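Residue numbers (the working numbering): 6 to 247.
Structure record follows, encoded as structure tokens.
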Amino acid sequence: MFAAWIDDGGPAVTGHREKHLPAPAEGKGSEKGMTRTKRLTISLAVVLCVWISATGSEAFGATVINLTGSLDVGTSFDFTADGLTVTATGEDENGNARYVVRSLWGLGVYRGGLESPLIDGVGPDETLWLAFDQLVSLEKACFTFVDYRGDEARLVDQDGNTIIDVMLSPGVLGTRQIDFSSIIADPNALVGTVFGFRPTDCDDDFKLKRLEVTIVPLPEAALSGLGLLAGLGVVYRLRRQA
Ligand SMILES: [Ca+2]
Ligand SMILES: [Ca+2]
6 MFAAWIDDGG PAVTGHREKH LPAPAEGKGS EKGMTRTKRL TISLAVVLCV
56 WISATGSEAF GATVINLTGS LDVGTSFDFT ADGLTVTATG EDENGNARYV
106 VRSLWGLGVY RGGLESPLID GVGPDETLWL AFDQLVSLEK ACFTFVDYRG
156 DEARLVDQDG NTIIDVMLSP GVLGTRQIDF SSIIADPNAL VGTVFGFRPT
206 DCDDDFKLKR LEVTIVPLPE AALSGLGLLA GLGVVYRLRR QA
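This is how it looks when you write it as structure tokens:
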């Protein structure tokens, strides 16, 4: 597509010359050969530039991870979407491991017995930890069991430091989606491999049903693309000097 576009625009003068003059022999010193090399190089460069930009965080759309399933209790649950896997575990504020409860409404944290299966702050605050196998930028999160009076949720980084507290107002059936990427000014604050969701006090309790994240490409991938592009430039210069 891009090659065709370049050939179309590539210039009428060349096309005119090719049409009316005998085709020169291919090889060293061949103007037509040079033109073809140049076109090929430019075409490949354009394709590579498109590929590099496509590996940027904006071009690939968000990955939606549904944190739902049949009712089950375990020490951890894995969820995979678009080749990205996230592992969910539970912990209380004293560092004790807790169960994770999975249901059609999402994930909660659970001590056992009559303790609430929601992520709640009755007793020690509970945290639902989500560990990704790739670097991601957290975009949105969907909460359930949001009270009619509202709940407050705290998003923390891997060290437990608060990224932001958000007030959740109940939507349909107590569901509320938060677009973190639109309310946090510094996009780097939402980049990481581990995030935690916890209450801010004993009045808060909710589940986490869905996440939207963007996979952040590793710098090496983009650099290898730039290396290829530089290599093509060298090839073109060598061909031109030959
Ligand atoms: Ca609980
Ligand atoms: Ca609640």
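Cβ atoms here follow ideal geometry from the backbone N, Cα and C, with glycine treated the same way.
Remember, it's a predicted structure, so these values are computed and weren't measured experimentally.
Residue i versus the options, residue with shortest Cα-Cα distance
i    : options               : result
S142 : T132, L133, S186      : S186
V105 : V171, V114, T85, R181 : V114
A67  : V78, D87, D83, D191   : D87
L112 : T73, N99, G118        : T73
G179 : P224, L213, R107      : L213
S75  : S108, L89, G100       : S108
G165 : L89, D83, G100        : G100
Contact set for residue i: own chain, Cβ-Cβ below 6 Å, skip 5 residues either direction
i    : result
L216 : I70, A146
T94  : S81, W134
F137 : V91, T198
G201 : T132, W134, V161
E98  : P129, D130
Expected contact under 8 Å - CB spacing of residue i and residue j to nearest Å
i    : j    : result
R203 : T132 : 4 Å
D209 : D156 : 5 Å
I169 : D162 : With 8 Å as the limit, I169 and D162 do not qualify as a contact, their Cβ atoms being about 10 Å apart.
L89  : I220 : 6 Å
Contacting residues, own chain, Cβ-Cβ under 7 Å from residue i (five flanking each side not counted)
i    : result
G176 : none
L123 : G113, F150, D210, F211, K212
D206 : G126
G117 : Y104
Contacting residues, own chain, Cβ-Cβ under 8 Å from residue i (five flanking each side not counted)
i    : result
A102 : T80, T94, G95, E96
L173 : F148, V151, G155, D156, E157, A158, R181, I183, F211
S121 : G113, Y115, V127, D210
Contact between the segment 197-204 and the segment 131-142: three or more CB pairs below 8 Å?
Touching, yes, given that three or more Cβ pairs across the two stretches are closer than 8 Å.
Using 8 Å as the Cβ pair cut-off and three pairs as the minimum, do the segment 122-136 and the segment 173-193 touch?
The segment 122-136 vs the segment 173-193: no contact.
Residue ranges of each beta strand (DSSP E) run of no fewer than 3 residues wholly in the segment 155-202, ordered along the chain?
156-161, 167-173, 181-184, all fully within the segment 155-202.
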